[in-house]
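Following the numbering used here, the numbering of the sequence shown begins with 523 at its first residue and continues without gaps.
Each residue gets a CB set at the ideal place from its N, CA and C atoms; glycine is no exception.
In this text the structure is predicted, and so the values were computed from the model without any measurement.
The structure appears right after this line, and notes come after that.
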Amino acid sequence: MTTRAHACILIVVIRFVLFVIASACVAAVIAAVRPASAAAGWCWPSCSTYGLLGAGTSTYNGCWYSSGEVCSGWSYWGTNGVVKTCYPGCDYYGNTRGTILYGFENRDRIRGRFTLLSNRFYIQPYEVGMGGYLRAQVAWYSGPASQINVAAG
523 MTTRAHACIL
533 IVVIRFVLFV
543 IASACVAAVI
553 AAVRPASAAA
563 GWCWPSCSTY
573 GLLGAGTSTY
583 NGCWYSSGEV
593 CSGWSYWGTN
603 GVVKTCYPGC
613 DYYGNTRGTI
623 LYGFENRDRI
633 RGRFTLLSNR
643 FYIQPYEVGM
653 GGYLRAQVAW
663 YSGPASQINV
673 AAG
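Here's what the structure looks like:
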């Protein structure tokens, strides 16, 4: 090989190494910068952990159901979001054996959607014909306890 070929190869290798180092730096910065959390006014069990929602679970604050349900305080909620994991296990399609009802309640009714799927779900009051001063809620419906995280804002 000629000296010129060696120089070209060296330049290409140096550029590749610099590209890899720059990419790693950008990835590190992106990983370190955490997005601002949504302005959740209520979370259960906290805004960063999961809890088990089963027949005996309660927030002891006057929910529609005294047990098997967690609910927020009263507010003008815009969205209720729930993350349901594969606890204690999922089938091929991501279905668990525990069914939950997530939605809203007022003094007259409780409305929402049922799911046994492990996923992230959002619901807004208008989707279930509700509005005004409400509680965001998630209720155990059937099966084993479900591992969830809930946030409303």
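Check                                                                                                                               : Outcome
Mind pulling the beta strand (DSSP E) runs of 3 or more residues that sit fully within the segment 578–645?                         : 591–593, 602–606, 617–627, 632–639, 642–645
Distance, Cα to Cα, residue 653 vs residue 583?                                                                                     : 21 angstroms
Return the bridge partner residues of residue 504 from the DSSP annotation.                                                         : Any answer about residue 504 is impossible in this case: the structure gives the chain only from 523 up to 675.
Is the CB-CB distance between residue 661 and residue 587 below 7 angstroms?                                                        : yes
So who's on the other strand from residue 664, going by DSSP bridges?                                                               : 621
Quick check on this structure: which residue in 611, 572, 541, 598 has the alpha carbon closest to the alpha carbon of residue 592? : 572
Determine the direct distance from the alpha carbon of residue 566 to that of residue 628, and round the result to whole angstroms. : 19 angstroms
Is residue 562 helix, strand or coil when you go by DSSP?                                                                           : coil
Rounded to the nearest angstrom, how far is the Cβ of residue 616 from that of residue 641, given a contact under 8 angstroms?      : 7 angstroms
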